[in-house]
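Only one structure is covered here, and it is reproduced in the block below.
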Amino acid sequence: MIAVTLKPSREGPVIAGHPWIFSGAIASLVGEGAAGSLARVIANDGSALGIGYLNPRCSITVRMLSRQFEEIDASFIHRRLEAALALRRAVVPPDITAYRLVNGEGDFLPGIIVDVYGPFIVCQSLTAGADVLKPLVVEGLVRLLSPQGIYEKSEGGVRQEEGLTNTAGVLWGEEPPPLFEIQENGCRFLVDVRGGQKTGFFLDQRENRALIGTVASGKRILNGFAYTGGFGIVAARVGARHVVSVDSSESALRLAQKNWQMNDLLEVQGEFIQADMFSYLREITESFDLVVLDPPPFIRRRQDLKVGITGYKEINLQALRLVVSGGQLFTFSCSQHLSAADFFQTVLFAAADARRSVRVLKHLSPAADHPVNLAHPEGAYLKGLWLWLGD
Ligand code: SAH
């Protein structure tokens with residue numbers, strides 16, 4: 002097996018449990034293997050730091066699987082999946098039919114995402130190492146959950162960096178139907194795994210959608226970047242007066258309208274607008290009691306940081322103009338390359354330019370079925386603020 006020895010100055014984070022070893026942290030790499038091969042990781046004094054998988058072409062050269070030297074086989078993967086399931090059984094409410102079972106690095110299975118949608122499972126493999134482990138993951142999921150089908154939808158920037166193309170299709174059992182229903186926060190949602198974004202639904206926002214349900218009654222709401230209606234539908238179900246859902250994707254909005262009807266909501270209570278949020282926000286003059294901004298990641302690569310921050314500032318500035326005094330803003334960023342502190346500062350700058358006083362009611366994060374390893378701050382990609390706006 003390949004042996005990777007770290008520079009002494011770079012061992013600290015790995016010893017603390019950080020799962021990534023950057024190329025610059027490696028003192029020597031002995032042995033050869035294709036992308037995705039296993040590698041033993043060793044401290045400079047020769048002691049074992051653990052085992053990971055390797056992709057020599059990536060700046061994240063090794064992703065750690067275990068903090069000890071052990072066999073990475075079906076039994077290892079099964080144990081990881083069992084632990085992941087035990088966590089969900091402890092933290093996911095019983096009336097939820099869709100949840101994230103494996104959150105990559107946050108479940109010590111780097112590069113592997115597993116979302117459960119009732120009897121179907123949707124997996125994403127983001128790295129070469131995850132691709133190698135895929136058959137063992139499928140075997141483990143079948144043993145653990147006896148699903149009706151397991152579908153793969155692996156895509157995105159990380160795969161590109163790893164030298165991999167996108168791939169989708171059935172891994173086991175039946176193909177999921179084109180649209181199937183899940184339940185969340187007392188609402189029904191149709192999910193389109195194949196045509197939808199990511200694995201089909203943004204499960205990470207479940208608790209934040211629930212939160213909006215606690216304050217939405219009687220309110221006029223703008224659900225910006227609405228996707229299939231999530232925040233707006235939860236709000237309307239608890240009695241929001243009016244919800245405007247804006248998204249640039251026609252297919253997402255079509256599904257949002259279907260979801261609206263499925264939840265027995267009145268047609269007059271909801272408005273669906275296909276538009277670019279940047280232009281929409283600049284053009285409207287209407288005001289709202291509550292605005293949600295849940296954009297896609299504006300910063301996909303580190304070099305996009307400046308442009309991305311400008312984007313976050315712009316939408317927040319425009320949205321702040323539209324919220325009444327005594328109104329609320331739920332604002333999010335899911336850019337991994339933007340720290341929570343920098344995002345909060347960007348919102349502050351927007352508030353300063355808008356001349357609005359802003360108070361934080363709560364810092365927001367992903368639902369509990371998206372655990373983040375404390376040693377791996379990069380895993381905390383989704384951050385948000387629930388704000389109370391004064392004059
Ligand atoms: N809040 C949603 C998830 C939002 S995902 C939920 O709870 O399910 C981000 C959404 O932003 C996607 O639906 C995408 O189509 C949309 N989007 C991306 N760029 C946009 C833009 N410039 N204007 C409007 N919508 C955009």
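If you read the sequence shown in the numbering used here, its first letter stands for residue 2, the second for the next number, and so on. We put the beta carbon where it would ideally sit given N, CA and C, even for glycine. Remember, predicted model here, so these are calculated numbers, not experimental data.
Closest by C-alpha distance to residue i, when choosing among the options
i, options, result
"A342", "R81, V325, G47, Y382", "Y382"
"A49", "A17, F70, E315", "F70"
"L294", "N264, D132, G230, E251", "G230"
"A129", "A353, V244, G164", "G164"
"L349", "S336, E379, H338, E315", "E315"
"G225", "A84, S250, L145", "S250"
"E272", "P297, R242, V194", "R242"
"S336", "F345, Q329, L330, G328", "F345"
"A36", "V115, A99, V133, L30", "V133"
"I22", "V63, I274, S29, R322", "V63"
"P57", "K363, G112, S38", "S38"
"F333", "G327, L362, P297", "P297"
"V31", "E379, H19, A84, L7", "L7"
CB contact flag (residue i, residue j, <8 Å)
i, j, result
"E185", "G170", "no"
"A40", "I3", "yes"
"A227", "S252", "no"
"G34", "L55", "yes"
"A217", "L291", "yes"
"G309", "R357", "no"
"L142", "P136", "no"
"N260", "L191", "yes"
"F299", "L323", "no"
"G107", "L127", "no"
"N45", "A26", "no"
"L306", "L388", "no"
"V5", "I43", "yes"
"G150", "F121", "yes"
"V93", "D370", "yes"
Residue i Cβ short of 7 Å to the ligand SAH heavy atom set
i, result
"Y118", "no"
"Y100", "no"
"A227", "yes"
"S366", "no"
"Q206", "yes"
"A237", "no"
"S334", "no"
"D108", "no"
"G231", "yes"
"F279", "yes"
"S250", "yes"
"R242", "no"
"A84", "no"
"F203", "yes"
"V361", "no"
"Q319", "no"
"V123", "no"
"D295", "yes"
"A253", "yes"
"R210", "yes"
"V247", "yes"
For residue i, the three-state DSSP class (helix, strand or coil)
i, result
"I97", "coil"
"D248", "strand"
"I73", "coil"
"T62", "strand"
"D116", "strand"
"D290", "strand"
"R360", "strand"
"V373", "coil"
"K154", "strand"
"Q397", "In the structure displayed, the chain extends from 2 to 392; residue 397 sits before or after that span and is not available."
"K384", "strand"
"I300", "coil"
"S280", "helix"
"V216", "coil"
Assumed close pair residue i, residue j - CB separation to whole angstroms, cut-off 8 Å
i, j, result
"V139", "L172", "5 Å"
"F232", "R210", "5 Å"
"I114", "T168", "Between T168 and I114 the Cβ distance is about 14 Å, and since that is not below 8 Å, they are no contact."
"I183", "A99", "4 Å"
"D248", "Q275", "7 Å"
"Y118", "F181", "7 Å"
Residue i CB to nearest heavy atom of the ligand ATP below 7 Å
i, result
"R68", "By its list of ligands, the structure shown excludes the ligand ATP, since it contains just the ligand SAH."
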